[in-house]
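The block underneath contains the structure these notes are about, expressed in structure tokens.
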Amino acid sequence: MVSKILEITGLEKKYNSGFSLKVDHLNTEENSILVMIGPNGSGKSTLIKLINLLESPERGSIYFNGKLITGSGVDKIAVRKEMATVFQEPLLFNTSVYNNILMGIQLRGKTISDCKEIFYYLADKLKIKNLLRRNPASLSGGEQQRVALARALVLEPKLLLLDEPLANIDQQSREELRNDLFDILRTAGRSTIYVTHDRNEAMIIADLIAVVNEGRIEQFGLKDEVFRKPASEFIAKFVGIETLIEGIVTEYRDNVCRIKIGSSKNDIYAVSAPVDHGTKVTIAIRPEDVILYNIEMNPESSSAMNSFMGEITEIQDLGIFKKVEIDCGFSLVSFVTRNSIDRLGLETGKKVLSSVKASSVHIFRGSR
Amino acid sequence: MEIIWQGIKSAFFLIFSGNKEIYEIILLTLKVSGIAVIISMVLGLPIGLLVGLNNFKSKRFVITIINTGMGLPPVAAGLFISLMLWRSGPLGIMGIMYTPSAMIIAQVLIASPIIAGVTLAAVQQINPKLKLQALSLGANRIQVLWILLKEAKLPALAAVMAGFGGVISEVGAVMMVGGNLKGQTRVLTTAIVQNVRMGSFDIAIALVIILLLLTFLVNLFLTLIQQKENKTWYQRFWK
Numbered sequence: 001m002v003s004k005i006l007e008i009t010g011l012e013k014k015y016n017s018g019f020s021l022k023v024d025h026l027n028t029e030e031n032s033i034l035v036m037i038g039p040n041g042s043g044k045s046t047l048i049k050l051i052n053l054l055e056s057p058e059r060g061s062i063y064f065n066g067k068l069i070t071g072s073g074v075d076k077i078a079v080r081k082e083m084a085t086v087f088q089e090p091l092l093f094n095t096s097v098y099n100n101i102l103m104g105i106q107l108r109g110k111t112i113s114d115c116k117e118i119f120y121y122l123a124d125k126l127k128i129k130n131l132l133r134r135n136p137a138s139l140s141g142g143e144q145q146r147v148a149l150a151r152a153l154v155l156e157p158k159l160l161l162l163d164e165p166l167a168n169i170d171q172q173s174r175e176e177l178r179n180d181l182f183d184i185l186r187t188a189g190r191s192t193i194y195v196t197h198d199r200n201e202a203m204i205i206a207d208l209i210a211v212v213n214e215g216r217i218e219q220f221g222l223k224d225e226v227f228r229k230p231a232s233e234f235i236a237k238f239v240g241i242e243t244l245i246e247g248i249v250t251e252y253r254d255n256v257c258r259i260k261i262g263s264s265k266n267d268i269y270a271v272s273a274p275v276d277h278g279t280k281v282t283i284a285i286r287p288e289d290v291i292l293y294n295i296e297m298n299p300e301s302s303s304a305m306n307s308f309m310g311e312i313t314e315i316q317d318l319g320i321f322k323k324v325e326i327d328c329g330f331s332l333v334s335f336v337t338r339n340s341i342d343r344l345g346l347e348t349g350k351k352v353l354s355s356v357k358a359s360s361v362h363i364f365r366g367s368r
Numbered sequence: 001m002e003i004i005w006q007g008i009k010s011a012f013f014l015i016f017s018g019n020k021e022i023y024e025i026i027l028l029t030l031k032v033s034g035i036a037v038i039i040s041m042v043l044g045l046p047i048g049l050l051v052g053l054n055n056f057k058s059k060r061f062v063i064t065i066i067n068t069g070m071g072l073p074p075v076a077a078g079l080f081i082s083l084m085l086w087r088s089g090p091l092g093i094m095g096i097m098y099t100p101s102a103m104i105i106a107q108v109l110i111a112s113p114i115i116a117g118v119t120l121a122a123v124q125q126i127n128p129k130l131k132l133q134a135l136s137l138g139a140n141r142i143q144v145l146w147i148l149l150k151e152a153k154l155p156a157l158a159a160v161m162a163g164f165g166g167v168i169s170e171v172g173a174v175m176m177v178g179g180n181l182k183g184q185t186r187v188l189t190t191a192i193v194q195n196v197r198m199g200s201f202d203i204a205i206a207l208v209i210i211l212l213l214l215t216f217l218v219n220l221f222l223t224l225i226q227q228k229e230n231k232t233w234y235q236r237f238w239k
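One line per chain: the protein sequences are A and B, in this order. Quick note, the first sequence lines up with residues 1 to 368 if you use our numbering. Quick note, the second sequence lines up with residues 1 to 239 if you use our numbering.
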């Protein structure tokens, strides 16, 4: 049976600056990775500090491994010893890399022989084996963060707290370290809370996602649920939904609603729960779900309910993908590979046929 | 020039001739200043750490007091301790006026603020997030202080050196509370003053050279500790 490693209810923390963090409910299960995403200053790091008992809440409860860890009479040091935290800065001490990695081990009353195997594994995996004699001051930012990660992972904590560990590293080192770290997390199957403002990281590693904004959890759920069915326009934008269109529901039949988009001739179909006729809605379509065809293709030959003829207004290079913007009476964004661009001969000003399955169109009530 | 050369020759003669009085003065100097610095470390380092690392209402006022203490004139410290230890003073009952103990107390009063002040300034330069990191690794309060003191190892040892330098070269306070009694409370600085007064410049120069040599050796020892790399864990376990 999968048990909850962490459960938070009614948590509140206020600061003199006026900022307040309020978490009605949040939980994560054993061996799963909860990713907290949100803009800078939204309260993600504060929540990490509250969970690690480095700060105290005004009210609310945190249950860790089934035990209440907030309130008086809690042995905070004992609780912290079951967790490990990596902050945005490496925060290494002025001693050798080796001593830094083993500092937590020593503080937790363990001996070196207890962790020799994982120590060697991490030193190898995080590529710091050759740095052990060095002082952290002589290392690059990426190398320092590798040491900080090793220092936390060597403790084999019941809950690993990673507070934007890749945020202060240059692009190239970040990608390398991300791959190494995610590989370790997947292999170890460790219960982890990972804070980031990078939705791509969330998409790669998360089991659960909590979107934090202005001190509140705006949406919490399984990764696919949050990415596919954002609860608000803010979340939609944050999880990378490029196409957001306002419309009015004109028909609802067989779990599919038809939405009229302004003066556009093209209506959009979306699979949804029952919606009343005339309801104002915002439509969200992920760019990966928009498929482009050559205009010779017969739209009727596709199972997709939404097919729009349009003109390409812009093509932007995003590295792996190219972002194609199409004017179909409303603006539609699609991500396609370089190969597809060449194969279809796509270029600005060219007509193109695009399609989206009704099940890939998400709607939420209200307009912007 | 002749008098300086004569002083240097006398210094070597005094050091190597086995002059009992000189050795007693050197030993008493080291004993009084050594004990005073150790007590000052025990008081000054934790005070510096606690004031530097914690935020409390009257923090600025406390820092101002410590900083004022750093510039405390030795004669003021001597006068204060004299008044305390004088037979009719509040601590007169202890009967330690004109003893090495009184000299140690006076030197502690001079060195403690120096060590506390330099430590305080040093730990305030440490990244405050290191405290959070130490706590999250599972450190208790004392372990956090120890870890952060090690972070400020260089300036903390500089504080000890400054404290030692302050007391071993000090003359006003030890003269007042020690009395420069031959064979009992005479230390290098008070002996130098007395020899200058008596016109025995060669002995005074010799004693100054010995004082400088002692200060150099003690500081050399502290500098070696300060600059030493901590490799023990690595050497022991990584092969």
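The beta carbon of each residue, even a glycine, is placed where N, CA and C say it ideally should be. Treat the numbers as computed from the prediction; the structure is a model and nothing was measured.
Neighbour list for residue i in chain A, Cβ cutoff strictly below 7 Å
{"i": "B:Q124", "result": "Within 7 Å Cβ-Cβ: nothing; B:Q124 doesn't reach chain A, min ~16 Å."}
Residue i (DSSP reduced to helix, strand or coil)
{"i": "B:Y98", "result": "coil"}
{"i": "A:C115", "result": "helix"}
{"i": "A:Q316", "result": "strand"}
{"i": "A:N179", "result": "helix"}
{"i": "A:F93", "result": "coil"}
{"i": "A:G142", "result": "helix"}
{"i": "A:N213", "result": "strand"}
{"i": "A:D417", "result": "The structure shown does not extend to residue 417 of chain A, since chain A is modelled only from 1 to 368, so the question has no answer here."}
{"i": "A:F335", "result": "strand"}
{"i": "A:T250", "result": "strand"}
{"i": "B:F16", "result": "helix"}
{"i": "B:K239", "result": "With a pLDDT of only 39 at B:K239, under 50, the local geometry of the prediction cannot be trusted, and the value read off the model is given with reservation. Coil."}
{"i": "A:E296", "result": "coil"}
{"i": "B:Q227", "result": "helix"}
{"i": "B:I126", "result": "coil"}
{"i": "A:S302", "result": "coil"}
{"i": "A:F19", "result": "coil"}
{"i": "A:S354", "result": "strand"}
{"i": "B:V196", "result": "helix"}
{"i": "B:K57", "result": "coil"}
{"i": "A:E201", "result": "helix"}
9 Å Cβ cutoff met for residue i and residue j
{"i": "A:A167", "j": "A:H197", "result": "yes"}
{"i": "A:E82", "j": "A:K158", "result": "yes"}
{"i": "A:I326", "j": "A:T282", "result": "no"}
{"i": "A:V195", "j": "A:K4", "result": "no"}
{"i": "A:S272", "j": "A:H362", "result": "yes"}
{"i": "A:N94", "j": "B:K150", "result": "yes"}
{"i": "A:S96", "j": "A:L126", "result": "no"}
{"i": "B:M175", "j": "B:L222", "result": "no"}
{"i": "A:S232", "j": "A:N31", "result": "no"}
{"i": "B:I110", "j": "B:A159", "result": "no"}
{"i": "A:L6", "j": "A:T85", "result": "no"}
{"i": "A:Y269", "j": "A:V290", "result": "no"}
{"i": "B:I192", "j": "B:V208", "result": "yes"}
{"i": "A:L208", "j": "A:L222", "result": "yes"}
{"i": "A:R295", "j": "A:E347", "result": "A quick correction: the sequence has Ile, not Arg, at residue 295 of chain A. Taking 9 Å as the Cβ cut-off, A:I295 and A:E347 do not qualify as a contacting pair."}
{"i": "A:Y252", "j": "A:V226", "result": "no"}
{"i": "A:A206", "j": "A:I217", "result": "no"}
{"i": "B:V177", "j": "B:I81", "result": "yes"}
{"i": "A:S334", "j": "A:K350", "result": "no"}
Under 9 Å by beta carbon: chain A residues contacting residue i
{"i": "B:G48", "result": "Near B:G48 there are no residues of chain A at all, since even the closest Cβ is about 18 Å away, more than 9 Å."}
Within chain B, the residues that residue i reaches when beta carbons sit closer than 9 Å
{"i": "A:L107", "result": "A134, L137, G138, A139, N140, Q143, I147"}
{"i": "A:I128", "result": "Per Cβ cutoff of 9 Å: no residues; A:I128 is ~12 Å from chain B at best."}
heavy atom of the ligand GTP below 8 Å from residue i C-beta
{"i": "A:L68", "result": "The ligand GTP is not among the ligands present in this structure, which contains no ligands whatsoever."}
Within chain A, the residues that residue i reaches when beta carbons sit closer than 8 Å
{"i": "B:L129", "result": "Strictly speaking, residue 129 of chain B in this sequence is Lys, with Leu absent from that position. Those are F87, E89, L91, listed as they occur along chain A."}
Closer than 7 Å at the beta carbon, the chain B residues around residue i
{"i": "A:I77", "result": "G138, N140"}
Worksheet entry | Under 8 Å (Cβ pairs) to chain B, residues found in the stretch 80-103 of chain A | R80, K81, M83, A84, T85, F87, E89, L91, F93, N94, T95, S96, Y98, N99, L102, M103
Item to complete: Note down, in chain order, all residues in the stretch 35-58 of chain A with a beta-carbon under 7 Å from any beta-carbon belonging to chain B.
Response: N52, L54
Worksheet item: Can you list, in chain order, the residues of the stretch 138-151 of chain B whose Cβ is nearer than 8 Å to any Cβ on chain A?
Response: In summary, the residues of the stretch 138-151 of chain B whose CB is separated from some CB of chain A by less than 8 Å are G138, A139, N140, Q143, I147, K150, E151, in the order they occur in the chain.
Worksheet entry | Residues in the stretch 257-268 of chain A having any Cβ partner in chain B nearer than 8 Å | none
Worksheet entry | Short-range partners of chain A found in the stretch 13-47 of chain B, where Cβ spacing is below 9 Å | Close to chain A, meaning a Cβ-Cβ distance shorter than 9 Å, is no residue of the stretch 13-47 of chain B at all.
Worksheet item: So, do the stretch 111-121 of chain B and the stretch 33-53 of chain B have three or more beta carbon pairs nearer to each other than 8 Å?
Response: yes
Worksheet entry | Contact between the stretch 127-135 of chain B and the stretch 69-77 of chain B (3+ Cβ pairs under 8 Å) | no
Worksheet item: Are there three or more Cβ pairs, one per stretch, closer than 8 Å when the stretch 261-268 of chain A is compared with the stretch 329-344 of chain A?
Response: yes
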